[in-house]
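Colleague:
Number of protein chains: 2
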Amino acid sequence: MSRTATENGAALGQVLELTVLLGADMSQALVREGLTESRAHLLWELGQRGPSTQQSLARALGVTPRNVTGLVDGLVQTGFVERRPHPSDRRATLVTFTERGERIAEEFQRGRAQVAELLFGDLPDELFSPFVEALGRVLDRLRTALAEAAEGGR
Amino acid sequence: MSRTATENGAALGQVLELTVLLGADMSQALVREGLTESRAHLLWELGQRGPSTQQSLARALGVTPRNVTGLVDGLVQTGFVERRPHPSDRRATLVTFTERGERIAEEFQRGRAQVAELLFGDLPDELFSPFVEALGRVLDRLRTALAEAAEGGR
DNA sequence: TATTGTTATACTCTATAACTATA
DNA sequence: TATAGTTATAGAGTATAACAATA
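Chains A and B supply the protein sequences, listed in that same order.
First residue of the first sequence? That's 1 in my numbering, and the numbers climb one at a time after it.
First residue of the second sequence? That's 1001 in my numbering, and the numbers climb one at a time after it.
(1) Taking the C-alpha atoms as reference points, what is the distance between GLY1121 (chain B) and ALA145 (chain A)?
(2) Assuming PHE1190 (chain B) is part of the alpha helix (DSSP H), what are its boundary residues?
(3) Kindly list, in the order they appear in chain A, the residues whose Cβ is closer than 9 Å to that of GLN1054 (chain B).
(4) So is GLN1014 (chain B) in contact with chain A if we call contact Cβ pairs under 7 Å?
(5) What separation, rounded to the nearest whole angstrom, lies between the Cα atoms of ARG154 (chain A) and TRP44 (chain A)?
(6) Any idea which residues DSSP pairs GLU133 (chain A) with across the strands?
(7) Drop a sphere of 10 angstroms on the beta-carbon of THR1093 (chain B), count the other beta-carbons inside from all chains shown, and report buried for 16 or more, exposed for fewer.
(8) Decide if the stretch 120–136 of chain A is in contact with the stretch 1130–1137 of chain B; the criterion is three or more beta carbon pairs, one per stretch, under 8 Å apart.
(9) To which residues does DSSP link VAL1081 (chain B) through a beta bridge?
(10) Here's a check: name, in chain order, each residue in its chain whose Cβ is nearer than 7 Å to the Cβ of HIS41 (chain A), leaving out the five neighbours to either side.
(11) At the 7 Å Cβ level, is VAL95 (chain A) part of the contact set with chain B, yes or no?
(12) How many angstroms separate the CA atom of PHE108 (chain A) from the CA atom of VAL1076 (chain B)?
(13) Let's test the definition: count the other Cβ atoms within 10 Å of the Cβ of GLY70 (chain A) and tell me whether it reaches 16, buried, or not, exposed.
(14) Would you call the stretch 1109–1117 of chain B in contact with the stretch 111–120 of chain A, where contact means no fewer than 3 C-beta pairs closer than 8 Å?
(15) Can you give me the C-alpha to C-alpha distance between HIS1086 (chain B) and THR1053 (chain B), rounded to a whole angstrom?
(16) Identify every residue that forms a DSSP beta bridge with SER52 (chain A).
(17) Is there a Cβ from chain B that is less than 7 Å from the Cβ of ARG154 (chain A)?
(18) Report buried or exposed for ARG1091 (chain B), applying the criterion of at least 16 other Cβ atoms within 10 angstroms of its Cβ.
(19) Taking only beta carbons into account, state which residues of the stretch 109–125 of chain A come closer than 8 Å to chain B, listed in chain order.
(20) State yes or no: is the beta carbon of LEU1146 (chain B) nearer than 7 Å to at least one beta carbon in chain A?
(21) Skipping 5 residues on each side, what residues in its chain have a beta carbon closer than 8 Å to that of LEU22 (chain A)?
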C-alpha cells in the first residue's frame, strides 16, 4: 500500500471536521436571521428556480408535499415568502419571495462567496490546483459507490 | 487576485457536495441498522469515552440533559445501551453498551475506515499530500474565523 | 446549596393516510 | 381518474422550566 490506513483515516477525519465546522457556521448565520436549515434550504431552492409550486419544491428538496406545507407556513408567518394563486392551475399555489425573502436569498449568495474567499482566498495555486483535482476524484469515487449501493439496494 | 472568485466558489461547491454525499452515505447505513443520526452520535461518543453519565454525554453532544434522556430512552428500547447505577453517586446513571451496541460501535469504526479507503485509497501521493496540506490550512482559517465570530457574538 | 435525571410543555421536521378542490 | 394542497395523526429531536432524590 502506498499509504497507511492511518493516513487515509486522518484525512477523512479532517474532511469530517470541515463538514462539522461548515455546518456550525451556516447554522449560526441562520439563527441570526430567524431561519432553520430546512427553511433556508427551501429559500435556496426557490432562489434557484424562481416562483414554484409546492409540489416542485417537494421534489427539489426530497421531502413530502405535506412537509413543504409546514415549511411554507413557517416562512409565510416569518415574512420570507408568500403564497400566490397559480395563473393557470387553480389547484396549485406559487410560492414567491417577499422583499425580505429576496434580500435574504441574495445575502445567502454573498455569504457563500465570502466563505469561499475565507477558505481559499489565501491558498497558493500550487496547493489549490491539486486540492481541486483530488477533491474531484474523491467525489467521483463517492458518487459511483453511492450509485452502486442504490442499485444493489433496489 | 491570483484566482477568480468563481474558481473559489466552485471549490466550495465541491466541498459542499462532498458533505451532502457523505451525509447521505452515513444516513443510509444508519437506517439499515435502525438508528438515527442523533442516536448514532451518542453511541459514537460512548465508544470514545466508555460508560458515561448522561450529564457528560450532554456536554459531549452539545445538547441538554433532557435531550439525552430521550436519546438514551430510544437506545435502551432498541437494545443498544443499558442504564446502570453509578457506583459512587446514586443520583447518576452510567450509560453502557449492550453487546449489540458494542458490535455496532465497532462496525462504525470499520465503516469509517472503509470510507477512508474508498475515498483516498486510489489517490496518488502527489495528489494526496497537497490535498491534506491544503485541507489543513482551510481548516485553520475556518476554525479561526468561527472562534472570532464566537468572541464577537458574546 | 448544587447536581443528576425526570416530568411537563412546546416547537420544528419528518412521514403516511385520508380528504377537498380542481384538472 | 389523477394531481395539488391540506387536515389528521404520529414519531423523533430539540429547548426551557419545575421538581425529586442525592451530594
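We put the beta carbon where it would ideally sit given N, CA and C, even for glycine.
Modeller: Reading from the atomic positions:
(1) As a working mapping, residue 1121 (chain B) is identified with position 121 in the second sequence. As a working mapping, residue 145 (chain A) is identified with position 145 in the first sequence. In a straight line, the C-alpha of GLY1121 (chain B) is about 13 Å away from that of ALA145 (chain A).
(2) The structure shown does not extend to residue 1190 (chain B), since chain B spans only 1001 to 1154, so no value can be given for it.
(3) In the second sequence, the residue the question calls residue 1054 (chain B) occupies position 54. Residues of chain A passing the Cβ test: none, with the nearest at roughly 22 Å.
(4) Within the second sequence, numbered from 1, the residue matching residue 1014 (chain B) stands at position 14. For GLN1014 (chain B), the answer is yes, since a Cβ of chain A falls inside 7 Å of its Cβ.
(5) Residue 154 (chain A) sits at position 154 when you count from the first residue of the first sequence. Residue 44 (chain A) sits at position 44 when you count from the first residue of the first sequence. Because ARG154 (chain A) carries a pLDDT of 49, less than 50, the predicted location of this residue cannot be relied on, and the following value inherits that uncertainty. Straight-line Cα distance between these residues: approximately 31 Å.
(6) Numbered from 1 along the first sequence, position 133 holds the residue referred to as residue 133 (chain A). Answer is none; GLU133 (chain A) lacks a bridge partner.
(7) Locating residue 1093 (chain B) in the second sequence gives position 93, counting from the first residue. The residue is buried, with at least 16 neighbouring Cβ atoms inside 10 Å.
(8) yes
(9) Residue mapping note: residue 1081 (chain B) aligns to position 81 of the second sequence, counting from 1. For VAL1081 (chain B), which the question treats as bridged, DSSP gives the partners B:PHE1097.
(10) For the purposes of this step, residue 41 (chain A) is taken as residue 41 along the first sequence, with counting starting at 1. Excluding positions up to five away in sequence, the list reads LEU61.
(11) As a working mapping, residue 95 (chain A) is identified with position 95 in the first sequence. VAL95 (chain A) does not count as touching chain B.
(12) Along the first sequence, read from residue 1 onward, the residue named residue 108 (chain A) stands at position 108. Along the second sequence, read from residue 1 onward, the residue named residue 1076 (chain B) stands at position 76. Approximately 41 Å, taken between the alpha carbons.
(13) Locating residue 70 (chain A) in the first sequence gives position 70, where the first residue counts as 1. With fewer than 16 other Cβ atoms within 10 Å, it is exposed.
(14) no
(15) Translated into positions along the second sequence, residue 1086 (chain B) becomes position 86. Translated into positions along the second sequence, residue 1053 (chain B) becomes position 53. The alpha-carbon atoms of HIS1086 (chain B) and THR1053 (chain B) are separated by roughly 8 Å.
(16) As a first step, residue 52 (chain A) is located in the first sequence; it is residue number 52 there, counting from the start. In the DSSP output, where bridge partners are listed per residue, SER52 (chain A) has A:VAL95.
(17) Translated into positions along the first sequence, residue 154 (chain A) becomes position 154. Model confidence at ARG154 (chain A) stands at a pLDDT of 49, short of 50, so the residue's coordinates are unreliable; what they give is reported in the following sentence. Closer than 7 Å: no.
(18) Indexing the second sequence from 1 puts residue 1091 (chain B) at position 91. By the 10 Å Cβ count, ARG1091 (chain B) comes out exposed.
(19) ARG112, ALA113, VAL115, ALA116, GLU117, LEU118, LEU119, PHE120, GLY121, ASP122, LEU123, PRO124 and ASP125
(20) Position 146 of the second sequence, counted from the start, is the residue given in the question as residue 1146 (chain B). So, interface residue.
(21) The residue given as residue 22 (chain A) occupies position 22 in the first sequence. So the list reads VAL115, once near-sequence residues are dropped.
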